[in-house]
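*Asks:*
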Amino acid sequence: MPLDVILLVLFGALLHATWNAIVKAGSDKSLDAALISAGGAVSALPFLAFLPLPQNAAWPFIGASAILQFVYFQLVAAAYRAGDIGLVYPLMRGCAPLLIAATSGVVLRENLSGAALAGVMTISAGVLTLALEARRGSGRAVVLSIANAFVIACYTYVDGIGARLSGNAVSYTLWMSLLPPVLLFGWAASRRGSQAVLRHVRRNWWRGLIGGAGSIASYGLALWAMTKAPVATIAALRETAIVFALVISVAVFKEKAGAWRYVAGVVIAAGVLVLRLA
Numbered sequence: 001m002p003l004d005v006i007l008l009v010l011f012g013a014l015l016h017a018t019w020n021a022i023v024k025a026g027s028d029k030s031l032d033a034a035l036i037s038a039g040g041a042v043s044a045l046p047f048l049a050f051l052p053l054p055q056n057a058a059w060p061f062i063g064a065s066a067i068l069q070f071v072y073f074q075l076v077a078a079a080y081r082a083g084d085i086g087l088v089y090p091l092m093r094g095c096a097p098l099l100i101a102a103t104s105g106v107v108l109r110e111n112l113s114g115a116a117l118a119g120v121m122t123i124s125a126g127v128l129t130l131a132l133e134a135r136r137g138s139g140r141a142v143v144l145s146i147a148n149a150f151v152i153a154c155y156t157y158v159d160g161i162g163a164r165l166s167g168n169a170v171s172y173t174l175w176m177s178l179l180p181p182v183l184l185f186g187w188a189a190s191r192r193g194s195q196a197v198l199r200h201v202r203r204n205w206w207r208g209l210i211g212g213a214g215s216i217a218s219y220g221l222a223l224w225a226m227t228k229a230p231v232a233t234i235a236a237l238r239e240t241a242i243v244f245a246l247v248i249s250v251a252v253f254k255e256k257a258g259a260w261r262y263v264a265g266v267v268i269a270a271g272v273l274v275l276r277l278a
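Residue numbering for the sequence shown follows full-length UniProt numbering, starting at 1 and increasing by one per position.
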């Protein structure tokens, strides 16, 4: 895999870990997830006029992606209410590339080389290892995390195909970002009332703007990379975000780090090296 693709996906992974930490740190995780989705849409708007519209074939995928992103953000918020970031994030992000690697041959007709498959499996194994050291969690957190891994796999396929059909991965990403916040805030207002939602937005708009910009940039880099390399390998490489997330969990949230964290870091680094050489 080209070095520039790897470096850009790793930078996107850092941005992804950052916005997840913003959700985890917030007082109202459902509304913070909606704010981050909205922040991504606001960040996208200024650039739409300078980019071509996605090709017609991509629009059904943009619609399907919006629904899956709505489910994804709801599950992210619910999982972080139920368990630590050190448990939830590895399970969500570690299971997804395994699902994609196992099914990409059928869905996308992309057959990975032995070396690429070894890299995907190694990164996923390293990510899942981190869940072993979680100090606090629950059966509900595990169920929600694994359920979201299936959603992540689904929207990765939808967007990987849609970005290729669109003719411009950046344009696809920006247009795809517009509908999920409408769904998320509409749902929140119907459940909790528009006044409660507006109060939270007024107090925490900066959280959504910063996290949303990071979210849309992270995903845009991943979708661009999926036009240059197999979806399964990019999905696995993107999950190195867990290393950044767990550094944040120690430095910011003061979660304790055990030996498994260091073992996992070595395993993930080995997986990235294997992908580079594949």
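Even glycine gets a Cβ: it sits at the ideal position worked out from N, Cα and C.
Using C-beta distances below 7 Å, list every residue in its chain close to VAL267, excluding the 5 sequence neighbours before and after it, in chain order.
*Replies:* Taken in chain order, the residues that qualify are THR122, ALA125, GLY126 and THR129.
*Asks:* Less than 8 Å between the C-beta atoms of LEU237 and ILE6, yes or no?
*Replies:* Yes, they are a contact pair.
*Asks:* So, are the CB atoms of LEU178 and PHE70 less than 8 Å apart?
*Replies:* No, they are not a contact pair.
*Asks:* When burial is assigned at 16 or more other CB atoms within 10 Å of the CB, is SER171 buried or exposed?
*Replies:* Burial call: buried.
*Asks:* Pairs of beta-carbons, one from the stretch 55–73 and one from the stretch 96–103, closer than 8 Å: are there three or more?
*Replies:* Counting Cβ pairs under 8 Å, fewer than three are found: no touch.
*Asks:* Going straight from the alpha carbon of ARG151 to that of TYR72, what length do you get?
*Replies:* It should be pointed out that residue 151 corresponds to Val in this sequence rather than to Arg. Going from the Cα of VAL151 to the Cα of TYR72 covers about 6 Å.
*Asks:* Any C-beta of chain D sitting closer than 8 Å to the C-beta of GLY63?
*Replies:* Note that chain D does not occur in the displayed structure, where there is just one protein chain.
*Asks:* Please return the same chain residues whose Cβ sits closer than 7 Å to the Cβ of LEU75, not counting the five positions on each side in sequence.
*Replies:* Closer than 7 Å at Cβ, skipping near neighbours: LEU144, ALA147, ASN148 and VAL151.
*Asks:* Is PRO52 buried or exposed, if buried means 16 or more other CB atoms sit within 10 Å of its CB?
*Replies:* Label assigned to PRO52: exposed.
*Asks:* Should PRO46 go down as buried or exposed, given a rule of 16 or more other Cβ atoms within 10 Å for buried?
*Replies:* Counting Cβ neighbours within 10 Å, PRO46 comes out exposed, since fewer than 16 surround it.
*Asks:* Below 7 Å, is the gap between the Cβ of ALA149 and the nearest heavy atom of the ligand SAH?
*Replies:* With respect to the ligand SAH, the structure shown offers nothing to examine, as it has no ligands at all.
*Asks:* For the alpha helix (DSSP H) containing VAL252, list its first residue and its last residue.
*Replies:* Element bounds for VAL252: n/a, residue is neither H nor E.
*Asks:* Once DSSP output is grouped into helix, strand and coil, what is the label at PRO2?
*Replies:* Coil.
*Asks:* Please state the DSSP three-state secondary structure of SER194.
*Replies:* In this structure, SER194 counts as helix in the three-state DSSP scheme.
*Asks:* Where ALA78 and ALA141 are concerned, what is the direct C-alpha to C-alpha distance, given to the nearest angstrom?
*Replies:* Each residue's alpha carbon lies about 8 Å from the other.
*Asks:* Is it buried or exposed for TYR80, if we count other Cβ within 10 angstroms and need 16 for buried?
*Replies:* Answer is buried; the Cβ neighbour count reaches 16.
*Asks:* If you scan the stretch 59–145 from start to end, which runs of the alpha helix (DSSP H) of 4 or more residues do you find wholly inside it?
*Replies:* List check, alpha helix (DSSP H) in window: 59–82, 85–107 and 114–129.
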